[in-house]
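My numbering puts the first residue of the sequence shown at 2, with every later residue one more than the last.
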Amino acid sequence: MGDMTDSWWVKRFVFLFVLLFPMLSAGASDHNSVPSYLVKSRLEKLDLQTPVSLQYNQYVQAYIDVYTKKRPEHLARILSRARLYFPLFEEYLDKYGLPLELKYLAVIESALDPKAKSSSGAYGLWQFLYQASRMFDLEITSYIDERADPVKSTDAACRYLKYLYDNFNDWLLAISAYNVGIGTIKAAIEQAGGERDYWKLRPFLPEQVRGYVPAFVAANYVMNFHHTYNIEPLPGGFHYDDLATTMVKGGLSFDQIARLTGISVDVLRLLNPVFKMDYIPVQNGLIRIVIPEDKVEIFNRKRSGFLTEEAPAPKKMQALGDTIGREKTWHIVKKGEFFHAIAMEYECRIEDLMYWNNLKNKQLYAGQKLVVWKPGEENAKNKLIKDIIDP
């Protein structure tokens, strides 16, 4: 539901794709190549299993190549997360009578990262904007953001997709509208003289949505045939069946729960992304949290400890040099560049930069190499969903 903001990686990919498209279409191959006729045959089989049209063409193939050749490690991470989230998605899609294949929308929206955030502010597995969250009763406060709640956001996404389909009676148009809104799709239909076939309507759509449906079709394909490209889920991680739901009172920190039960703070964060500051705020009644099923017994034994102490609210400022949720990289100082610009670029503080690099003063020089911990990988949409310029 967010925008399709470009990224350095996507810019490079689009540029190279335009230059190299003649070679790619002529059959350039590598160890991860699968003949186009076989890809088409596999998609035809998938198409028979769903009311969502899964058509093969060069645009779909381009995104298949992104997943299988350009970003196989990205796909491996998505496959691992799918074991945690897909059973939940399927349960709610079935509840609303929707095609189960719509679960792959979350792959291109967020790469199945419940804390994925776009540059426009769209957030969560299903990428709801702040204002849109109100329409679906998703609560956002300083301590919680229900756009990151897998259960509540999935229910909201299903309701919205059902509404979109009721407007168009066509799944590809509904999927397109999920990306850019009903009004934009209706305007394109009017401009195209009433055309409602997505692939014929595609030239009349904004650039940002032209790649959205091909990417969705490609996601359907790679999530089902990844093994034929020697791409497998990353080892470890949680499965949906590994989890249990329990209830606690508010006013608890993740640190308290970890100390009393042995469940690590990192696991609590992973399974409860709705809480923004490792803190469960006081609310009316009990609050649902998710824990590993094999920790239920010890959790229940230690539950009385939660009643004897109340955690203080989280500190307002993060620890100096905190790297949680960040990825290590390097920054080469440009001529005339100063600390404030670098700190803004990497969404950190000057003090963090100095701490990471053991600097005693704020003097910089051109060519200086700085250790920087940048915000974690942006959601898949920013990485993968940019219209591939027509050849």
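Backbone N, C-alpha and C fix where the C-beta goes; we use that ideal spot for every residue, glycine too.
Any C-beta of chain B under 8 angstroms from that of residue i
i     : result
Val40 : Looking for chain B here will not work: only one protein chain is present.
Within 8 angstroms, strictly: CB atoms of residue i and residue j
i      : j      : result
Tyr97  : Arg160 : yes
Ile176 : Val214 : yes
Lys84  : Tyr241 : In the sequence as displayed, the identity of residue 84 is Arg instead of Lys. Result yes, Cβ atoms of Arg84 and Tyr241 sit closer than 8 angstroms.
Arg197 : Leu174 : yes
Phe300 : Thr247 : yes
Val53  : Glu91  : no
Gln126 : Pro115 : It should be pointed out that residue 126 corresponds to Leu in this sequence rather than to Gln. Their beta carbons are under 8 angstroms apart, which means Leu126 touches Pro115 by this criterion.
Leu139 : Lys118 : no
Arg270 : Asp279 : yes
Ala178 : Tyr68  : no
Ala245 : Val283 : no
Phe340 : Leu354 : yes
Val108 : Met224 : yes
Leu130 : Ser121 : yes
Expected contact under 8 angstroms - CB spacing of residue i and residue j to nearest Å
i      : j      : result
Tyr93  : Leu113 : That belief does not hold up - the Cβ atoms of Tyr93 and Leu113 are roughly 15 angstroms apart, past 8 angstroms.
Ile351 : Ala344 : 5 angstroms
Asp243 : Pro293 : 6 angstroms
Lys277 : Tyr144 : 6 angstroms
Tyr57  : Val35  : With 8 angstroms as the limit, Tyr57 and Val35 do not qualify as a contact, their Cβ atoms being about 12 angstroms apart.
Tyr124 : Asp146 : 7 angstroms
Ser37  : Leu235 : At roughly 28 angstroms, the Cβ-Cβ gap does not stay under 8 angstroms, so Ser37 and Leu235 are not in contact.
Phe226 : Arg43  : 6 angstroms
Status (buried if at least 16 other CB within 10 Å, exposed otherwise) for residue i
i      : result
Leu272 : buried
Ala216 : buried
Leu321 : exposed
Asn221 : buried
Pro392 : Confidence in Pro392 is poor, its pLDDT being 36 and thus under 50, which makes the residue's placement unreliable; the coordinate value appears in the next sentence. By the 10 Å Cβ count, Pro392 comes out exposed.
His228 : exposed
Thr155 : buried
Leu76  : buried
Ile325 : exposed
Ala157 : buried
Residues that residue i bridges to, as DSSP identifies them
i      : result
Phe205 : BP columns for Phe205 are empty, so no partner.
Trp331 : Val372
Ser265 : Ser265 pairs with nothing; no bridge assigned.
Pro293 : Leu244
Asp146 : Ile141
query = Within the chosen definition, does the region 362 to 381 reach the region 328 to 340 through at least 3 CB pairs nearer than 8 angstroms?
reply = Yes, the region 362 to 381 is in contact with the region 328 to 340.
ask   = Does the region 245 to 259 come within contact of the region 286 to 302, defined as at least 3 CB pairs closer than 8 angstroms?
value = Counting Cβ pairs under 8 angstroms, three or more are found: they touch.
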